[in-house]
Every structure is written in structure tokens, then in C-alpha cells.
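Just below is one structure, and these are the notes that go with it.
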Amino acid sequence: MSQYPMTARGAQLLRDELIELKTKTRPRIIQDIADAREHGDLKENAEYHAAREQQSFCEGRIQDIEGKLSNAQIIDVTKMENTGKVIFGTTVTILNLETDEETRYRIVGDDEADIKNNLISVNSPIARGLIGKELDDVVTIQTPAGPVEFEISEVEYI
Numbered sequence: 542m543s544q545y546p547m548t549a550r551g552a553q554l555l556r557d558e559l560i561e562l563k564t565k566t567r568p569r570i571i572q573d574i575a576d577a578r579e580h581g582d583l584k585e586n587a588e589y590h591a592a593r594e595q596q597s598f599c600e601g602r603i604q605d606i607e608g609k610l611s612n613a614q615i616i617d618v619t620k621m622e623n624t625g626k627v628i629f630g631t632t633v634t635i636l637n638l639e640t641d642e643e644t645r646y647r648i649v650g651d652d653e654a655d656i657k658n659n660l661i662s663v664n665s666p667i668a669r670g671l672i673g674k675e676l677d678d679v680v681t682i683q684t685p686a687g688p689v690e691f692e693i694s695e696v697e698y699i
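Our numbering puts the last residue of the sequence shown at 699; the count rises by one with no breaks.
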């Protein structure tokens with residue numbers, strides 16, 4: 542199987558969720574199923590069916606997280622020397638040369654991406670256009686509105 546890049550922070554968040562699911566959510570669901578069984582006929586017991594559905598979702602999420610963590614290539618840029626080159630995990634500030642609008646993005650793995658928090662996937666068009674470039678480089682990125690030129694004004698390894 543191939544490995545998937547993930548930041549150290551993203552891996553820790555997944556580990557925390559896994560612990561929560563295994564130590565709190567799973568036992569609560571098991572107790573909900575036991576309580577629902579006590580109410581009698583399981584064919585018409587909505588509480589039982591709802592608890593079983595929650596159990597199925599929880600077990601699926603546990604397997605999903607374990608699979609992602611086992612195939613993760615954890616990259617911690619804080620332990621690397623800042624060369625000014627944009628790589629996975631770096632925080633990049635770019636300046637739109639048309640509008641003079643400055644935007645700051647962190648390039649993360651697919652599972653960590655959250656555009657509302659300026660976390661962009663390594664596979665997004667913006668990240669693909671930035672990776673490998675260096676501080677003060679001008680890059681042209683294809684957007685839905687057409688090509689846009691950006692200047693890389695800051696590269697942080699944080």
C-alpha cells in the first residue's frame with residue numbers, strides 16, 4: 542500500500558479521536574444496545590436499531606482511522622531547516638498580484654484540509670502550483686476564473 546502524507550498535528554488529532562471512540566463512544570453505544578434490548582421485541586425497537594446504527598458508524602470510523610494512521614507518512618516541518626522552499630507542511634503567505642490581497646495557507650494532507658481555516662490539501666490546485674517554489678517566486682495558478690499570478694511573500698516551517 543502507498544503512504545499518505547500527514548502533518549504531525551493531523552496525526553495527533555486522529556490518534557485523539559481514535560482514543561475517544563474506543564474509550565468513551567464505543568462503551569456508551571454498547572450500553573445503549575444493552576438498555577434497548579431490555580425493552581423487549583427487537584424487531585420493533587427503534588432505540589435498539591438506532592444504537593446498532595451508531596455502533597456500525599463508530600466501528601467503521603475506528604477502522605478508517607486505524608487504516609489512515611497505519612499508512613501515514615508523518616512529516617514534521619518544524620524539525621527541518623527553513624530553506625525558503627515550499628514543501629508539504631509549510632505555511633505559505635501569497636500575494637495576489639492583481640488585487641494585492643494577501644492570503645496565508647498551510648499545506649496539509651487530504652484528511653486535514655479545511656479551507657475555512659486556510660488548511661489546503663497537498664492535492665489542491667493552489668498547493669500543486671506552490672510546491673517546489675521558493676520565497677519571492679511568482680507563480681501562475683489556474684483558478685475557475687482563469688489564471689491568477691501570485692507572489693510567494695513568506696514561507697514558514699511552523
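Even for Gly, the Cβ is constructed at its ideal location relative to N, Cα and C.
- Its chain contains Tyr589, Ala592, Arg593, Gln596 as the residues whose beta carbon lies nearer than 7 angstroms to that of Ile574, once the 5 sequence neighbours on both sides are disregarded; these appear in chain order.
- Leaving aside the five residues that flank Pro666 on each side, the residues in its chain whose CB is nearer than 7 angstroms to its CB run, in chain order, Ile682, Gln683.
- When only Cα atoms are considered, Asp652 and Arg556 end up about 13 angstroms apart.
- According to DSSP, residue pairing for Asp655 in a beta bridge involves Leu660.
- When C-alpha distances from Gly687 are compared across Val618, Glu639, Glu561, Ala552, the shortest belongs to Glu639.
- Secondary structure at Phe691: strand, using DSSP grouped into helix, strand and coil.
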